[in-house]
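Okay, so the sequence shown: first residue is 0 according to numbering that gives the first Met the number 0, each after it adds one.
See below for the structure under consideration.
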Amino acid sequence: MNVKENIRPARVAGSFYEGNAEVLQREIVERLARARPHADGGEIVAAAVPHAGYIYSADIAAPVFKALAQASFDTVVIIGHDFGANAPGIIGILCDFTAFRTPLGDVPVDTELCEALLKADNRFVVHNQVHRQEHSIEVQLPFLQTVAKDFKIVPILFGEATPEHCQRLAELLEEHRGPRRILVLSSTDLSHYPTGKTARELDARTVSFAQNFDLAGLCRWQSQGAWERELGVETPICSAGGLGTAIVWAKMHGANHCAVLRQGNSGDVSEDDTRVVGYASMLFVKQAASDDTTAEFSLTSASQKYLLTLARQTIAEGTAGHVTPPELPQTDELLQPAAVFVTLHKHGRLRGCIGTTAARMPLWQAVMEYAQLAAFEDPRFEKVTAEELPELDIEISVLSPMRRIASADEILPGTHGVTVRQGRRSGLFLPQVWEQLPDLESFMGYLCAEKAGLPWDAWKSPQTELQVFTVHAFQEEAR
């Protein structure tokens, strides 16, 4: 690589973001001030942010950059767009620029680390013209320049997003890291051009792969997911390679939690819900393990009240033939993808119950979805009418996030729900099943054999992945 000064000029200043340095700096500072702080603590080792024009995505990205102001790093590996089928067999596209310019100044490139990647694997290539035309790395720089000092970047556009390519890139970064304190930053938007409703559903599914550190699932979802059957959907994520590498890097460095700080789509700004692009911002964090292994998942009383009100409002509006999406909540626990059941009772008798065991959409949205289904689509009952509303009692059951465990010794009978997975076979039992199968052998045996189609004792195999969760149920106060 040629290391003489070779600066990449700002390409999208004045279009994707403000071109005047003073105005740009002021805008970023204001967005950071508005962003909610990340309060979960822990060491940040990787992150993901959107890269659309600031008018659409900067408020989504701002909470991550606000958190990065307190993080420790001196090298940011920024991974932008995938090139997929246009770059078969390629891991990453580098450049020989020595710095990237923005209105706030020049950001130096870690040319030494770029050179090491090129020498280590011939599946890395240099293509300056591609980098000149791309915006997915550039738009992150003004935020980084505002929250951090004395850092370098490794700008990478991803080639073909495969688990092996993500793993290889992360391994090479580790191999050649030296004394660097590296942060991997995935620059990616989510679903492209579905309706707002479809975007929220698809994006929740995409985000769930990150939350479960599921690299294989993420790459498979991008290349052959069910979204292909959705009219108008171009892709569910435009940099699965970047997010996949962030997942691998995070796991390599002990991260055990993916915090989704904010989600949304372009329709939230344009107020046009017919053709949108989805966004999310996430942090991969290494948190200290809790000493309380028996702590159950729960929600704050404010969140419970919000969700019960939301469910009742959704059903009430549904009886009139329309449902108005509420203002998006900005509470972490309401934005996290969650598995939900909504149960309706009338005079103490079941009047409808529908839910899901898969966390594929944000909690608030899942409650809306399954409140509607429980009221109007449960095949066992007639549709709920407006006249019945005062007589209905609503109960919501939320499954906690899944937590992977090393062995069945960590399962608490009577408390934990459990999932088993081996290859493409999986199964789940809710905690309520302990009432019928109170001993561990029977519970796990039936789970493997009856739900997952696995051998009875597959749960004892190191090839079987075990996850546990709890269920938090709450209902309206008596009226």
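A virtual CB, placed ideally from N, CA and C, is assigned to each residue, including glycine.
Taking the Cβ atom as the reference point for each residue, do residue i and residue j lie within a distance shorter than 8 Å?
{"i": "Ala258", "j": "Asp39", "result": "yes"}
{"i": "Ser190", "j": "Pro235", "result": "yes"}
{"i": "His50", "j": "Thr187", "result": "yes"}
{"i": "Asn264", "j": "Met401", "result": "no"}
{"i": "Val75", "j": "Phe150", "result": "yes"}
{"i": "Ala239", "j": "Gln221", "result": "yes"}
{"i": "Phe283", "j": "Ala337", "result": "no"}
{"i": "Glu390", "j": "His321", "result": "no"}
{"i": "Leu171", "j": "Ala119", "result": "yes"}
{"i": "Ala86", "j": "Glu159", "result": "yes"}
{"i": "Leu453", "j": "Ile410", "result": "no"}
{"i": "Tyr278", "j": "Ser56", "result": "yes"}
With distances taken from CA atoms, which of the options is nearest residue i?
{"i": "Tyr369", "options": "Val432, Thr355, Glu381 and Asp105", "result": "Thr355"}
{"i": "Arg311", "options": "Ile89, Asp456, Lys196 and Ile395", "result": "Ile395"}
{"i": "Gly241", "options": "Val470, Leu446, Glu29 and Ala45", "result": "Ala45"}
{"i": "Leu388", "options": "Thr308, Val366 and Leu427", "result": "Thr308"}
{"i": "Glu464", "options": "Leu427, Phe473 and Glu475", "result": "Leu427"}
{"i": "Phe473", "options": "Gly158, Trp220, Gln221 and Thr299", "result": "Thr299"}
{"i": "Pro62", "options": "Val48, Gly52 and Glu386", "result": "Val48"}
{"i": "Arg25", "options": "Gly91, Ser135, Thr145 and His134", "result": "Thr145"}
{"i": "Met367", "options": "Phe380, Val124, Arg379 and Ile353", "result": "Ile353"}
{"i": "Leu458", "options": "Val470, Met443 and Val467", "result": "Note that residue 458 corresponds to Trp in the displayed sequence, not to Leu. Ranking the options by Cα distance to Trp458, first place goes to Met443."}
{"i": "Asp331", "options": "Arg379, Ala319 and Gln262", "result": "Gln262"}
{"i": "Ala66", "options": "Asp95, Met281 and Leu343", "result": "Met281"}
{"i": "Ala301", "options": "Gly266, Trp363 and Asp267", "result": "Trp363"}
{"i": "Gly91", "options": "Glu227, Arg100, Phe340 and Phe123", "result": "Phe123"}
{"i": "Ala385", "options": "Tyr445, Thr318 and Glu434", "result": "Thr318"}
{"i": "Ile77", "options": "Ala374, Leu93, Gly83 and Ile89", "result": "Leu93"}
{"i": "Gly243", "options": "Leu333, Thr205 and Arg30", "result": "Thr205"}
{"i": "Lys304", "options": "His344, Glu475 and Asp377", "result": "Glu475"}
{"i": "Gln371", "options": "Ala357, Ile393 and Ala358", "result": "Ile393"}
{"i": "Val339", "options": "Ala373, Arg348, Leu349 and Thr323", "result": "Ala373"}
{"i": "Cys237", "options": "Gln421, Leu23 and Gly83", "result": "Gly83"}
Return the chain-ordered list of same chain residues with a C-beta closer than 7 Å to the C-beta of residue i, the five sequence neighbours on each side being excluded.
{"i": "Thr161", "result": "Cys218"}
{"i": "Ala20", "result": "Pro102 and Leu103"}
{"i": "Val247", "result": "Cys165, Gln166, Ala169 and Leu214"}
{"i": "Gly13", "result": "none"}
{"i": "Ser425", "result": "Thr418, Val419 and Ala451"}
{"i": "Ala315", "result": "Leu388"}
{"i": "Ala60", "result": "Val48, Pro49, Phe142 and Ser280"}
{"i": "Gly195", "result": "Asn264, Gly266, Asp272 and Val275"}
{"i": "Leu429", "result": "Gly416 and Val470"}
{"i": "Gly216", "result": "Phe208"}
Distance check for residue j and residue i, CA to CA, integer angstroms please.
{"i": "Cys113", "j": "Asp73", "result": "15 Å"}
{"i": "Ser71", "j": "Phe142", "result": "16 Å"}
{"i": "Asp202", "j": "Met360", "result": "7 Å"}
{"i": "Gln128", "j": "Val183", "result": "23 Å"}
{"i": "Leu398", "j": "Arg33", "result": "31 Å"}
{"i": "Leu117", "j": "Thr414", "result": "51 Å"}
{"i": "Ala68", "j": "Gln132", "result": "29 Å"}
{"i": "Lys382", "j": "Ala9", "result": "57 Å"}
{"i": "Arg176", "j": "Glu233", "result": "36 Å"}
{"i": "Pro178", "j": "His252", "result": "15 Å"}
{"i": "Ser289", "j": "Leu436", "result": "Only weak support exists for where Ser289 lies, its pLDDT of 48 falling under 50; the coordinates are left without a value."}
{"i": "Phe468", "j": "Thr342", "result": "20 Å"}
{"i": "Ser207", "j": "Ala198", "result": "14 Å"}
{"i": "Val138", "j": "Ile54", "result": "12 Å"}
{"i": "Val461", "j": "Phe380", "result": "Per the sequence presented here, residue 461 reads as Pro, with Val not at that position. Approximately 44 Å, taken between the alpha carbons."}
{"i": "Ala294", "j": "Gln286", "result": "Low per-residue confidence applies at Ala294: pLDDT is 49, beneath 50, and the placement is therefore not dependable enough to give any value."}
{"i": "Gly52", "j": "Tyr16", "result": "6 Å"}
{"i": "His126", "j": "Val11", "result": "19 Å"}
{"i": "Trp433", "j": "Cys447", "result": "15 Å"}
{"i": "Asp291", "j": "Ala365", "result": "Confidence is the limiting factor: at Asp291 the pLDDT is only 44, short of 50, which leaves the residue's position unreliable, though a coordinate-based value still follows. Distance between the alpha carbons of Asp291 and Ala365 is about 29 Å."}
{"i": "Val153", "j": "Asn255", "result": "25 Å"}
{"i": "Phe64", "j": "Trp455", "result": "48 Å"}
{"i": "Val268", "j": "Ala357", "result": "29 Å"}
{"i": "Glu174", "j": "Arg423", "result": "32 Å"}
{"i": "Tyr192", "j": "Glu29", "result": "29 Å"}
{"i": "Arg100", "j": "Leu23", "result": "14 Å"}
For residue i, collect the residues of the same chain with a Cβ closer than 8 Å to its Cβ; drop the 5 residues on either side in sequence, then sort them by chain order.
{"i": "Thr97", "result": "Val2, Lys3, Glu4, Asn5, Ile6, Pro107, Val108 and Thr110"}
{"i": "Ser406", "result": "Leu465"}
Please work out which residues of its chain come closer than 6 Å, Cβ to Cβ, to residue i, disregarding the five sequence neighbours upstream and downstream, and give them in chain order.
{"i": "Ser135", "result": "His50, Gly79, His80 and Ser186"}
{"i": "Leu31", "result": "Ala61 and Lys65"}
Worksheet entry | Every unbroken beta strand (DSSP E) inside the stretch 390-415 [3 residues or more] | Listed in chain order, the complete beta strand (DSSP E) runs (minimum 3 residues) inside the stretch 390-415 are 391-398 and 402-404.
Practice prompt. With a floor of 3 residues, list each beta strand (DSSP E) that falls wholly inside the stretch 44-112, ordered by position along the chain.
Written response: Taking only runs of at least 3 residues, the beta strand (DSSP E) segments lying wholly in the stretch 44-112 are 74-81, 91-93, 98-101 and 104-107.
Fill in: Those runs of the alpha helix (DSSP H) which lie wholly inside the stretch 251-277 and span at least 4 residues
Segments of the alpha helix (DSSP H) lying fully in the stretch 251-277: 266-269.
Worksheet item: Which whole runs of the beta strand (DSSP E) in the stretch 294-345 are 3 residues long or more, in chain order?
Response: Counting whole runs of 3 or more residues, the stretch 294-345 contains the beta strand (DSSP E) stretches 338-345.
Item to complete: Could you name each continuous alpha helix (DSSP H) segment of 4 residues or more that falls completely within the stretch 412-468, going from the start of the chain to the end?
Response: Runs of the alpha helix (DSSP H) spanning 4 or more residues and lying entirely within the stretch 412-468 occur at 439-445, in chain order.
Worksheet item: At what residue ranges does the stretch 173-216 contain a whole run of the beta strand (DSSP E), taking only runs of 3 or more?
Response: Counting whole runs of 3 or more residues, the stretch 173-216 contains the beta strand (DSSP E) stretches 181-186.
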